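**Q** The structure under discussion is supplied below as structure tokens; questions concerning it will follow.
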Amino acid sequence: MQALEQLGIALGLASLAGINLYLTVFLVGLVIRFDWLHLSAAYAPLESLGHPWVLAVAGTLFLLEFFADKVPWVDSLWDTVHTVIRPVGGTLLALQAVGQMPPYAEVIIALVAGSASLTTHSAKAGTRLLINHSPEPVTNITASVVEDAGVLGGTALIFLSPVVAFIVFLVLLVALWLIFPRLFRLIRSSLWLAWNKLRMPGRREPGALPSRLSTRVPAAALAHLTADFQASEKDVDWSAEALSGKSTGLRGMVPNLKLHLIALKDRDSLLILAEKTFRDQWLALPMAGARLEVQSGFLSDQITLTQDERRLTLHLPRGHPDRLEALREKLEALTGTRASEAEAETDAEVLTNALPAPANL
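Position 38 of the sequence shown, counted from 1, bears residue number 37 in numbering that gives the first Met the number 0, the numbering being contiguous throughout.
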């Protein structure tokens, strides 16, 4: 039973360290320093956390994180810096909790603890990136308070019932591993949008040529174009990159996938190559009669395509208005909207020329 309790303590501390390392060390140190609970022999290896210097350093760093964690995008920068610090700290806490063990057992504990800390850290960082897409800072403050309260409650559970803590944190980690692919896509897409925004071009000079879309396509797309569409790279009218957003009526199209948009000459369908972990997905989306809606966000510009019951949102890096306008015009050409507007303007011009000139009074 004592071995299971130590495993519960080690796994719990490693998991909490991935969320807030400094608060975890500070709380455990306070409990040990002031003897708030009657601790069993299983907690003896953690006595060093109650040293005044450990409490002072952990408390100071927690105070810094307390404020940084509540400011939009500053929290994500803080999480980026701690991508290595939290797993290493969680591993050290777990090794400290189990005390003296055979070398092979210490290696196993270190691997499991590091993975647990990295898992909870990735979950927190991914959630914060999602929250930072929202302009309300209250959301960041609420998330930070909930995380701190969770660390406080988790620490109390570790001390009150290590065996129950072991089960709870094990279930939590398994649940996070199941949704981790979605979190990974979220983190990857947010970093891609942020990097492209940092690389945004300077102010466009008056009279400068408009941006043109590329005609290059990924190597993986060439074989598909030849086999299914009897087309080659010479038949490509334009191509562009985007990220998938919310979609309906499109099987397998989930958010935060990297998309390659390809339009062939003399075709009114949009070919979409979605990059996935194990197998890429192809989609031929008929564009005739589709409706377009353009919106702007903090990190991305969104183009929403709607046709009947199908709906697809494309996210493009913010700060490239020429590229956005060029893509919008190309998509409108596929839908026939641009041609309809041109015909309407021509009819209006013909009607104006046919009207008699007003008489001079």
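For glycine and all other residues, C-beta sits at the position ideal for the given N, C-alpha and C. Note that the coordinates shown come from a computational prediction; the quantities given were computed from them, not determined experimentally.
1) Nearest CA to the CA of V293: which residue from E308, R327, K264, W191?
2) Would the segment 47-62 and the segment 22-35 be scored as touching if the rule is three or more Cβ pairs under 8 Å?
3) Tell me whether W191 sits in a helix, a strand or coil according to DSSP, three-state version.
4) In the DSSP assignment, find the unbroken alpha helix (DSSP H) run with K123 in it and report its ends.
5) List the DSSP bridge partners of I257.
6) Report buried or exposed for K123, applying the criterion of at least 16 other Cβ atoms within 10 angstroms of its Cβ.
7) Using the three-state DSSP reduction, which class does H81 fall into: helix, strand or coil?
8) Grab me the residues of A207's own chain with a C-beta within less than 7 Å of its C-beta, minus the 5 sequence neighbours each way, in chain order.
9) Using 10 angstroms around the beta-carbon of V97, count the other beta-carbons present and answer buried if the total reaches 16, otherwise exposed.
10) At the level of alpha carbons, what is the spacing between A57 and D147?
11) Is it a yes or a no for the segment 148-166 touching the segment 225-244, going by three-plus beta-carbon pairs under 8 Å?
12) So, is F165 buried or exposed, given that buried needs 16 or more other C-beta atoms within 10 angstroms?
13) Restricting to Cα atoms, I'd like to know which of W77, H314, L129, F277 is closest to A21.
14) Report the rounded CA-to-CA distance for N195 versus Q1, giving the unit in angstroms.
15) When DSSP labels each residue in this structure, what does S231 get in the three-state scheme?
**A** Walking through what the data contain:
1) R327
2) With a cut-off of 8 Å, the segment 22-35 and the segment 47-62 count as touching, because enough Cβ pairs lie within range.
3) Correct three-state label for W191: helix.
4) 102-131
5) According to the sequence shown, residue 257 is Lys rather than Ile. Answer is L242.
6) With a 10 Å radius around the Cβ and a threshold of 16 neighbouring Cβ atoms, K123 comes out buried.
7) In the structure shown, the three-state DSSP call for H81 is helix.
8) Low per-residue confidence applies at A207: pLDDT is 44, beneath 50, and the placement is therefore not dependable, though the value from the model is reported in the following sentence. There are no such residues.
9) buried
10) 14 Å
11) no
12) buried
13) For the record, residue 21 in the displayed sequence is Tyr; it is not Ala. Ranking the options by Cα distance to Y21, first place goes to W77.
14) Rounded to the nearest angstrom, the two C-alpha atoms are 52 Å apart.
15) coil
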